[in-house]
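Quick note: the sequence shown uses my numbering, first residue -13, plus one each step.
Some notes on the structure that comes next.
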Amino acid sequence: MKIAVRYYTQTGNTKKLADAIAQALGVEAESVAQPLEEETELLFLCNSVYWAGIDRHVKQFVKENAARIGTLVNVSTAAMIDSTFSQMRKLAAGAGVKLCEKEFHCRGKFSALHAGHPDAADLEAAKAFAKEIAE
Ligand SMILES: Cc1cc2nc3c(=O)[nH]c(=O)nc-3n(C[C@H](O)[C@H](O)[C@H](O)COP(=O)(O)O)c2cc1C
-13 MKIAVRYYTQ TGNTKKLADA IAQALGVEAE SVAQPLEEET ELLFLCNSVY WAGIDRHVKQ
47 FVKENAARIG TLVNVSTAAM IDSTFSQMRK LAAGAGVKLC EKEFHCRGKF SALHAGHPDA
107 ADLEAAKAFA KEIAE
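Written as structure tokens, this is what we have:
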């Protein structure tokens, strides 16, 4: 199965998750600046929320790579909101991309909030999630 991991990060939290997931799956995590080179059955798209929204680079990636995404798996960090899943659902629907109903979310450090997150337990949980989805 062709699996890819892409991430967008501003302060490093989401890259930690992406790297953990990629390691668990035996692939490399790459930035959303890297387009998908081929049809990808499972895309783990690791993203976050900034001032209440998914970053425009993530939106652009989904739109531009939609034809090569089999199923998009949402992976997110945030300080306050529960996850970016509802925003990703709209984004994926708009681009005609199938979204996995299962997602992974954990807290990400933001200023004085959630120091140390994602932590080791978060990364282990992300790895277990990725393996379960890719089974
Ligand atoms: C500029 C900025 C704006 C943010 N706005 C929100 C927000 O509106 N809601 C929220 O839950 N978290 C917000 N956060 C927290 C981030 O979603 C959280 O720290 C996330 O883990 C950042 O991921 P990154 O380190 O990969 O960039 C914000 C963080 C930054 C840096």
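Glycine included, C-beta positions come from ideal geometry on N, C-alpha and C.
Any non-hydrogen atom of ligand 3 within 8 Å of residue i CB
{"i": "asparagine -1", "result": "The model depicted lacks ligand 3 and carries ligand 1 instead."}
For residue j and residue i, believed in contact at Cβ under 8 Å, the rounded distance
{"i": "proline 104", "j": "cysteine 92", "result": "5 Å"}
{"i": "valine 44", "j": "valine 18", "result": "6 Å"}
{"i": "aspartate 41", "j": "tyrosine -7", "result": "Aspartate 41 to tyrosine -7, Cβ: 11 Å. No contact."}
{"i": "threonine 26", "j": "lysine 88", "result": "The pair is not a contact, with the Cβ atoms about 17 Å apart (cut-off 8 Å)."}
{"i": "alanine 15", "j": "valine 35", "result": "Incorrect: roughly 19 Å between the Cβ atoms, too far for contact."}
{"i": "cysteine 32", "j": "alanine 4", "result": "4 Å"}
Per DSSP, the bridge partner or partners of residue i
{"i": "alanine 64", "result": "Arg93"}
{"i": "glycine 39", "result": "Tyr36"}
{"i": "glutamate 16", "result": "Arg(-8)"}
{"i": "phenylalanine 30", "result": "Val(-9), Val59"}
{"i": "leucine 85", "result": "Leu58"}
{"i": "leucine 99", "result": "Phe96"}
Buried versus exposed call for residue i [16 or more other C-beta atoms within 10 Å across all chains shown]
{"i": "glycine -2", "result": "exposed"}
{"i": "serine 69", "result": "buried"}
{"i": "lysine 2", "result": "buried"}
{"i": "leucine 99", "result": "exposed"}
{"i": "alanine 116", "result": "buried"}
{"i": "alanine 53", "result": "exposed"}
{"i": "alanine 8", "result": "buried"}
Test item: CB-CB of residue i and residue j under 9 Å
{"i": "asparagine 60", "j": "phenylalanine 90", "result": "yes"}
{"i": "valine 48", "j": "leucine 77", "result": "yes"}
{"i": "glycine 94", "j": "glutamine 73", "result": "no"}
{"i": "lysine 113", "j": "alanine 6", "result": "yes"}
{"i": "leucine 22", "j": "isoleucine 55", "result": "yes"}
{"i": "serine 97", "j": "threonine 0", "result": "no"}
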